[in-house]
Structures are given as C-alpha cells and as structure tokens.
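Worksheet: the structure to be examined is printed underneath.
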Amino acid sequence: MQEAGQLQIQLIASKAAQDELDSLLKAGVLPKAVYEELWASYQARIAQSERVLRDLYNKHRAGQLEGDRSGLDTIRRRLLLAEKGAVSDALRKRIVPEDLVNPYIKDLDEKLLTLADD
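Numbering (this note's numbering), first residue to last: 1 to 118.
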C-alpha cells in the first residue's frame, strides 16, 4: 500500500498549498488570475489522487487486493475516536442528553473492539 501512502501525502500537500493560496489572495499578495491558475493545478492533483485512492479502496473492499488492512483500520479507528470525542464533548457541554449519548458511545466502543480483533 505504498502507493496509497504516496497519494495521501500528495493530497495533504496539495490541500495545504491551496490553503496558502487562499491566504495569499486574501492578503492581496496574489492576483486573482494567478490564484485561479495555481489553485486549478493543485485541484487537478487532488482530484487525481482522490480518484486513485477511491479505486484502491474499492478494490480492497471487494477483496481483490491482498495485503495489510492496517492502513484502513487505522483510519477507521481515528474516525471512531473522533466521533467519540465529539459526542463526549457535546455531552460535557450539555448539548445532548446523557441517555442518548451512552448507547452511541457503547456502539462506538464495540466498533473499536471489532477493529482491534481483526
């Protein structure tokens, strides 16, 4: 899955470059025409990387790729932990009721355990 890692790096770098372009445009450092041209070139890289990553993910889900699942499981684990943190934070701030949060967190914990077992 080295290819997936390289594509993720390209996505991260390209999105960071687009963020910097936005800052430069807002600061008045970059003319709009130059901004649009550069932004479009980074967007093309992002689209290509996302397309290839999606294809790799779909092949993996379909069982066509053998190898390590740890990359996707690591991402799933991070997402589940982010959900758990957000819901716990909302409970702490009393935005959502505890009787609704507890079953949701229990479900997330079960999913986390399932990932650990795989």
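For every residue, glycine included, the Cβ atom is placed at its ideal position computed from N, Cα and C.
Here the structure is a predicted model, which is why all the values come from computation and not from measurement.
Residue of the options minimising C-alpha distance to residue i
i      : options                        : result
ARG54  : ALA82, LEU113, LEU72 and VAL96 : LEU72
ARG119 : SER23, GLU110, LYS15 and TRP39 : The first residue shown for the chain is 1 and the last is 118, placing residue 119 beyond what the model contains.
LEU56  : LEU112, GLY85 and GLU3         : GLU3
THR74  : SER23, LEU112 and LEU100       : LEU112
Residue i to residue j span [Cα, whole Å]
i      : j      : result
LYS32  : LYS26  : 10 Å
LEU7   : VAL52  : 8 Å
ASP19  : LEU80  : 26 Å
ASN102 : SER41  : 46 Å
PRO97  : LYS106 : 15 Å
SER49  : ARG78  : 21 Å
LYS84  : LEU91  : 11 Å
LEU11  : ALA44  : 11 Å
TYR35  : ILE9   : 22 Å
LEU21  : LEU30  : 8 Å
ARG94  : SER88  : 10 Å
LEU100 : ALA82  : 18 Å
SER23  : GLU37  : 15 Å
Spatial neighbours of residue i in its chain, beta-carbon cut-off 7 Å, leaving aside the 5 residues before and after
i      : result
LYS15  : ILE46
LEU115 : ASP73, ARG76 and ARG77
TRP39  : GLN18 and LEU21
ALA13  : none
LEU108 : LEU80, GLU83 and LYS84
HIS60  : LEU72
Below-8 Å beta-carbon distance, residue i vs any chain C residue
i     : result
ASP19 : No chain C appears in this structure, which consists of one protein chain only.
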